Amino acid sequence: MKLRLVKLGPEYRRQLEEMMEEWLASGEKIIPYSIDRLDYRDFDHYTANLDVTAPAENLVPDSTFFCLDEERDIFVGAVNIRHYLNEGLLLYVGHIGDGVRPSERRKGIATQMIGLALEECRKLNIDRVLMVCDKENTGSAKSIQNNGGILENEVTLGSETRQRYWIDLK
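Per this note's numbering, the sequence shown runs over residues 90 to 259.
In structure tokens:
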């Protein structure tokens, strides 16, 4: 499987629609939040506003990429990279949010996708990357650890316990 991260453009409209329709039909939460923040069916508005370009309430500048399986010409997931962290992101969210569409899980995609996202972090001069996952999400924790993630601690948010991992890119 040959994966690469791409920015969303008109040439990927079909891939986006197929992935989002599958995710919605599954009834599962769409992750990362950035790809579900706007209505993807209004494609032009969605594409133009997918990335946060200036700080706003609780948001920092970010970049969203879709993970393209070049052999099958489908989106298998997405990543959102926050360019820096505010207090809330530092405690509970981290630099990278990632999600793999339901039919593509347990194939090693998340591990590869995080590796590609770390390359994008290097381009942004982020030397130390924080990734956070729910304690119960052992698959996510394994994907983070496979990319060099070292558990710093666990924090509780409401009824959820989150694990905070750091990845050193130096």
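C-beta: ideal position from N, C-alpha, C; glycine also. This structure is a prediction, so every number in the text was calculated from the model and none was measured.
Near the ligand COA: residue i beta-carbon under 7 Å from a heavy atom
{"i": "S229", "result": "The ligand content of the structure shown is nil, which means the ligand COA is not present either."}
Residues bridged to residue i [DSSP beta-bridge criterion]
{"i": "F164", "result": "L157"}
Residue interval of the alpha helix (DSSP H) (run including residue i)
{"i": "T227", "result": "227 to 235"}
{"i": "T136", "result": "132 to 138"}
{"i": "R126", "result": "Per DSSP, R126 belongs to no alpha helix (DSSP H) and is neither H nor E."}
{"i": "L68", "result": "The requested residue 68 does not occur in the structure, where the chain is confined to residues 90 to 259."}
For residue i, three-class secondary structure by DSSP
{"i": "L35", "result": "Residue 35 lies beyond the stretch modelled for the chain, which goes from 90 to 259, so this question has no answer here."}
{"i": "T200", "result": "helix"}
{"i": "G177", "result": "helix"}
{"i": "S248", "result": "coil"}
{"i": "E241", "result": "strand"}
Whole-Å CB distance - residue i paired with residue j, under 8 Å assumed
{"i": "D133", "j": "V141", "result": "Not confirmed; about 18 Å, so no contact."}
{"i": "F154", "j": "L94", "result": "4 Å"}
Through-space distance from residue j to residue i, alpha-carbon basis
{"i": "L127", "j": "M108", "result": "15 Å"}
{"i": "L179", "j": "P144", "result": "15 Å"}
N- and C-terminal bounds of the beta strand (DSSP E) containing residue i
{"i": "Y173", "result": "Counting along the chain, Y173 falls outside any beta strand (DSSP E), and DSSP gives it neither H nor E."}
{"i": "I185", "result": "185 to 189"}
{"i": "L94", "result": "92 to 95"}
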